[in-house]
Amino acid sequence: MQLHHLTATEAGKLFRSRELSPVELLDAVAARSAQAEPSINALTEQMLDTAYEDARESEKKFAAGSANLGALEGIPLLLKEEQPIAGYKAEEGSLTEQGTIAEVSHPIVERIFAAGAVVHGRTTTPEFCCAPYTHSKLWGVTRNPWNTELTPGGSSGGSGAALAAGESILATGSDIGGSIRIPSSFCGIVGFKPPFGRVPGMAPFNQDTYCADGPMGRSVADVAMLQNVIAGPHHTDQASLRPALQLPEPQASAAKGMKVALCINLGDYPVDPVIEANTRQAAQALRNAGVTVDEVSLPWTREKIINAAWSHFGGIMGPFITEVAGADGDLLMDYTKDFARRAAQAGSFAEGLIAEAEVYEPLGVLLGEYDALLCPTLGVTGMAADFPDPAALLEVNGSSVSWIESALTVPFNVIGRVPVLALPSGLAPNGLPTGVQIVGRTYDDATVFTLGAALEKELDLWTKASWWPQVQEALKA
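Residue 2 is where the sequence shown starts when you use the working numbering, and the numbers rise one by one after that.
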């Protein structure tokens, strides 16, 4: 395994045994970024001066055998730009915010620094994080290292692309409609959408039940490690849950005897045959781990779920975008203006709340019998890197659908108190990975990590060095 594709768990062990230093690992990911960035464009800025200072401090601690090591001591990490750092730019991919400087840091940013991570850069997003791909007038097009003609997803697309390319060891994301899980699927990594309140946020979106900040990495254990750092109550967030939940180290063997419900279409979502086949392969892998997997159906319609989501966005995101744009609407991306328009035309916030309850009920009943639900993350195998939404449609099994109709992530933001772990399930003919979601009972985070560990072990895909895309291939574009 090349250094830049180490997992955080592996790096920590090598640091403690003095076989590797934090400075050497930072050298490796910095060199990889220099190779990949001309074609991937996953970073808004690098912070190498301060990162090397932090790496040298961590190196001294390991050399001295210090007992005062943080949970992420010496681990290179990238922050999604949406999560502000006091004194640094807070532009959110928009020309309307260009040059804005953050006055305060996000709670998870504070915790990540305190845990000893080596933060060496920040990652791209679409404008105001309101698209499932990552391109903007401010930062340009972010591309997928598996196939640079295609998007890494969004809105945490920079984080997903950077992790797949080996530009860092860990990264952060956020998720209001699939923004951690979509890049996790397209980029072949692991990501976790925590349940509402598990991880503290910033006002006003910390009050939004759809919205969650979360961890992204290259293994289930790594994602659990970062989740344990960022979770827990914070004095600025009344919605943050107490006490803090500390996940145990995920053990694949503990999945034996669990019951999982397999649902391919979540009602009537169209799913590409390759994705269906890979999802069934994931289900069989869980069976091989001693898990009972039964195929089920859900009485959902994507129309009801999408209408509920737009009603919610109409009360949250739509007014925010309209207010921020002000007289500068011509500076906005077309997808941003379309997002605000759709949100403004949706049903009332109260209608959205009613729909959310109706969507949850059949899943709640199902999870009374099963420990978790297994389903695809997306119905499509890829989208163009510069996807021109709102005009463009996607083809799935002979049907033309909008991007939101292809995102099987959205239902689990509508019912935002369920934990969801996203993992790879295989590869598609276009070279991109496909993915699955493991959806747990409300606030039962540990179970999805146990099942994720079992799936990771049995599929044995991203645990191999051969899984990851080569920068040389990316540079052909």
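Here a beta-carbon is modelled for each residue, glycine too, at the ideal position from N, C-alpha and C.
Neighbourhood of Leu476 by C-beta distance below 6 Å, restricted to the same chain and skipping five residues each side: As a first step, residue 476 must be located in the sequence shown, where it is residue number 475. For Leu476, the predicted structure reports a pLDDT of 42, less than 50, and the residue's modelled location is therefore unreliable. The matter cannot be settled from this model.
Of the residues Ile416, Asp445, Leu409, the one placed nearest Ser186, counting alpha carbons only: The residue given as residue 186 occupies position 185 in the sequence shown. Looking at Ile416, Asp445, Leu409, the one whose alpha-carbon comes closest to that of Ser186 is Leu409.
Any beta strand (DSSP E) of 3 or more consecutive residues that is wholly inside the stretch 82-154: If we require 3 residues or more, the beta strand (DSSP E) runs fully inside the stretch 82-154 come out as 119-124.
Start-to-end residues for the alpha helix (DSSP H) that takes in Lys305: Taking the first residue of the sequence shown as 1, we reach residue 305 at position 304. Element bounds for Lys305: 303-316.
Lys477, DSSP secondary structure in three states: The count along the sequence shown starts at 1 and reaches residue 477 at position 476. Note that Lys477 scores a pLDDT of 42, beneath 50, so its modelled location is shaky; the value from the coordinates is reported in the next line. In this structure, DSSP gives Lys477 a state outside helix and strand, which the three-state scheme calls coil.
Nearest to Ala256 (by Cα), restricted to the options Tyr371, Val224, Gly154, Pro434: As a first step, residue 256 must be located in the sequence shown, where it is residue number 255. It is Tyr371 whose Cα lies nearest to the Cα of Ala256.
Pair within 8 Å by beta-carbon distance, Val24 and Ile113: As a first step, residue 24 must be located in the sequence shown, where it is residue number 23. As a first step, residue 113 must be located in the sequence shown, where it is residue number 112. No, Cβ-Cβ distance for Val24 and Ile113 is not below 8 Å.
Continuous alpha helix (DSSP H) stretch holding Ala37: start and end: Here residue 37 corresponds to residue number 36 of the sequence shown, with the count starting at 1. Where Ala37 is concerned, the enclosing alpha helix (DSSP H) stretches over 23-41.
Reference Lys305, options Gly353, Ala286, Val292, closest by Cα: Mapped onto the sequence shown, residue 305 falls at position 304. The residue with the shortest Cα to Cα distance from Lys305 is Gly353.
Helix, strand or coil at Val366 [DSSP, three-state]: One-based indexing of the sequence shown puts residue 366 at position 365. The answer is helix: DSSP assigns Val366 an H, G or I state.
Backbone secondary structure at Ala455 - three-state DSSP: Mapped onto the sequence shown, residue 455 falls at position 454. Three-state DSSP puts Ala455 in a helix.
Stretch-stretch touch, CB-based, cutoff 8 Å, three pairs: the stretch 140-158 with the stretch 98-105: Touching, no, given that fewer than three Cβ pairs across the two stretches are closer than 8 Å.
For Asp235, the residue or residues it bridges with in DSSP: The residue labelled residue 235 in the question sits at position 234 within the sequence shown. According to the sequence provided, residue 235 is His. The question's Asp does not apply to it. Per DSSP, the beta-bridge partners of His235 are Asp238.
Beta-carbon contacts of Ala115 that lie in its chain and below 8 Å, excluding the five residues immediately before and after: For the purposes of this step, residue 115 is taken as the residue at position 114 of the sequence shown. The beta carbon of Ala115 sits closer than 8 Å to those of Gly71, all from its chain and outside the five residues before and after it, given in chain order.
Residues of its chain near Trp301, where Cβ-Cβ distance is below 6 Å and the 5 sequence neighbours each way are ignored: As a working note, residue 301 is residue 300 in the sequence shown. Result list for Trp301: Leu267, Gly268, in chain order.
Euclidean distance between Cα positions of Ala478 and Asp446: As a first step, residue 478 must be located in the sequence shown, where it is residue number 477. As a first step, residue 446 must be located in the sequence shown, where it is residue number 445. Because the pLDDT at Ala478 is just 38, under 50, the model does not fix this residue reliably, and the value given afterwards should be weighed accordingly. Looking at the two C-alpha atoms, the distance is approximately 40 Å.
C-alpha gap between Ile177 and Asn414, whole angstroms: To locate residue 177, count along the sequence shown from 1; it is residue 176. To locate residue 414, count along the sequence shown from 1; it is residue 413. Between Ile177 and Asn414, the C-alpha separation is close to 6 Å.
Identified DSSP bridge partners for Gly192: By 1-based counting over the sequence shown, the position of residue 192 is 191. DSSP links Gly192 through a beta bridge to Met217, Ala423.
Nearest-angstrom Cα separation, counted from Asn42 out to Thr237: Within the sequence shown, the letter at position 236 stands for residue 237. Within the sequence shown, the letter at position 41 stands for residue 42. CA-CA distance, Thr237 to Asn42, rounds to 34 Å.
Alpha-carbon to alpha-carbon, Ala163 and Val1: The structure shown has nothing for residue 1, since the chain only spans 2 to 478.
Residues near Trp147 in its chain [Cβ-Cβ closer than 6 Å; skip 5 each side]: One-based indexing of the sequence shown puts residue 147 at position 146. Result list for Trp147: Gly432, Leu433, Pro470, in chain order.
Chain C within 8 Å of Val421, Cβ atoms only: As a matter of chain content, chain C is missing from the structure shown, which is built from one protein chain.
Cβ contact check for the stretch 394-405 and the stretch 373-381: 3 or more pairs under 8 Å: When C-beta atoms of the stretch 394-405 are compared with those of the stretch 373-381, three or more pairs fall below 8 Å, so the two segments count as touching.
Under 8 Å between C-beta atoms of Gln239 and Gly427: Residue numbering aside, residue 239 sits at position 238 when the sequence shown is read from its first letter. Residue numbering aside, residue 427 sits at position 426 when the sequence shown is read from its first letter. No. Outside cutoff.
Counted within 10 angstroms of its Cβ, other Cβ atoms place Thr435 as buried (16 or more) or exposed: For the purposes of this step, residue 435 is taken as residue 434 along the sequence shown, with counting starting at 1. Residue environment: Thr435 is assigned as buried (16 or more neighbouring CB atoms within 10 Å of its CB, all protein chains considered).
Straight-line Cα distance separating Asp387 from Leu151: Position 150 of the sequence shown, counted from the start, is the residue given in the question as residue 151. Position 386 of the sequence shown, counted from the start, is the residue given in the question as residue 387. Computed Cα separation, rounded: 8 Å.
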